Amino acid sequence: MIGIFQTYWQALLYSDGYRMTGLAMTLWLLVISCGIGFCLALPLAVLRNARSPLLWFPVWLYTFLFRGTPLYVQLLLIYTGIYGLSFIHNTPPFNEFFRQGLNCTILSFALNTGAYTTEIFAGAIKETAHGEVDAGLAMGMSRYTLYRRIIIPSALRRALPAYSNEVILMLHATTLAFTATVPDILKVTNDAYSATYDPFDCFGLAALIYLCVSFGLIFLFRRAERRFLAYLRP
218 MIGIFQTYWQ ALLYSDGYRM TGLAMTLWLL VISCGIGFCL ALPLAVLRNA RSPLLWFPVW
278 LYTFLFRGTP LYVQLLLIYT GIYGLSFIHN TPPFNEFFRQ GLNCTILSFA LNTGAYTTEI
338 FAGAIKETAH GEVDAGLAMG MSRYTLYRRI IIPSALRRAL PAYSNEVILM LHATTLAFTA
398 TVPDILKVTN DAYSATYDPF DCFGLAALIY LCVSFGLIFL FRRAERRFLA YLRP
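For the sequence shown, the working numbering gives the first residue as 218, with consecutive numbering after it.
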């Protein structure tokens, strides 16, 4: 394992300023996908709790489809299926977007984590104490102000433990990116395996890198939970 690391450590960890390393690409995929998914999930979570079926049903259908199908299948549909449509080929912006494996990977990851995050946030919003809402209404807050100053901040704090699990799962899901020729950690590891035919050391090294990143994320989220959920401690 040490010999493989000495040979491939630059591709895994070191950048020459022109190419992203496997670790950097993995973290880039994680941050961009979770960022887009977070921004997508926040308004959808509000609509998910709406009373009108015209508002909540499309959101429910979206989350049902993306949570009910494997991420790998979603990636293949976006990366190979959509690009095979004649409409995509005949539309230059779409053709340019979907021909890039990185774009398709980010899109599929963002839509997938957005669906799970929507349900996490929707559940947290639904658990908002009625007393907090009544207090805001008694102060004359509008519905928009009520969500902005009371409901959403309170829901985000409660959703933090569940959302941290979703981010960790998304980190593990980035291993699918190499199927779209994205040079992440697993792609570099697979190249090392093709050159050395030493599966245990190659994939064991990748597992150690993912383990270190996972522990780092867990540490950051636990610090955030201690800060934002301090009022729940006895």
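Ideal Cβ positions, reconstructed from N, Cα and C, are used throughout, including at glycine.
Every value quoted in this text rests on a predicted model; they were computed, and no experiment measured them.
By the three-class DSSP mapping on this structure, what secondary structure does residue i have?
i, result
"PHE315", "helix"
"VAL399", "coil"
"SER411", "helix"
"LEU302", "coil"
"GLU344", "coil"
"PRO309", "helix"
"THR334", "helix"
"GLY357", "coil"
"TYR225", "The predicted position of TYR225 is uncertain, since its pLDDT is 47 and thus under 50; a value taken from the coordinates is nonetheless stated next. Reduced to three states, the DSSP call for TYR225 is helix."
In angstroms with no decimal places, state the Cα-to-Cα distance between residue i and residue j.
i, j, result
"PHE420", "MET387", "19 Å"
"LEU264", "LEU446", "26 Å"
"PRO511", "LEU278", "Only positions 218 to 451 of the chain appear in the structure, and residue 511 is not among them; the question remains open."
"THR398", "THR362", "45 Å"
"ILE299", "ALA339", "30 Å"
"ARG360", "SER303", "45 Å"
"VAL405", "ILE323", "19 Å"
"LEU319", "ASN307", "21 Å"
"TYR364", "PRO260", "11 Å"
"PHE311", "GLY357", "47 Å"
"PHE281", "ARG316", "27 Å"
"THR391", "VAL248", "11 Å"
"PRO270", "GLY285", "21 Å"
"TYR414", "ALA262", "47 Å"
"SER325", "HIS347", "36 Å"
"THR243", "ARG375", "28 Å"
"GLY433", "CYS256", "23 Å"
"ARG268", "PRO287", "30 Å"
Report yes if the CB atom of residue i is closer than 8 Å to the CB atom of residue j, and no otherwise.
i, j, result
"LEU246", "ASP401", "yes"
"VAL290", "THR335", "no"
"ILE426", "ALA379", "no"
"ALA332", "PHE283", "yes"
"CYS321", "ILE295", "yes"
"GLY254", "ALA372", "no"
"GLU313", "LEU377", "no"
"SER250", "THR330", "yes"
"ILE368", "VAL350", "yes"
"LEU393", "LEU292", "yes"
"PHE395", "ASN382", "no"
Could you spell out where the alpha helix (DSSP H) holding residue i opens and where it closes?
i, result
"ILE369", "369-390"
"THR243", "239-265"
"ILE426", "416-445"
"ARG284", "270-285"
"LEU288", "288-293"
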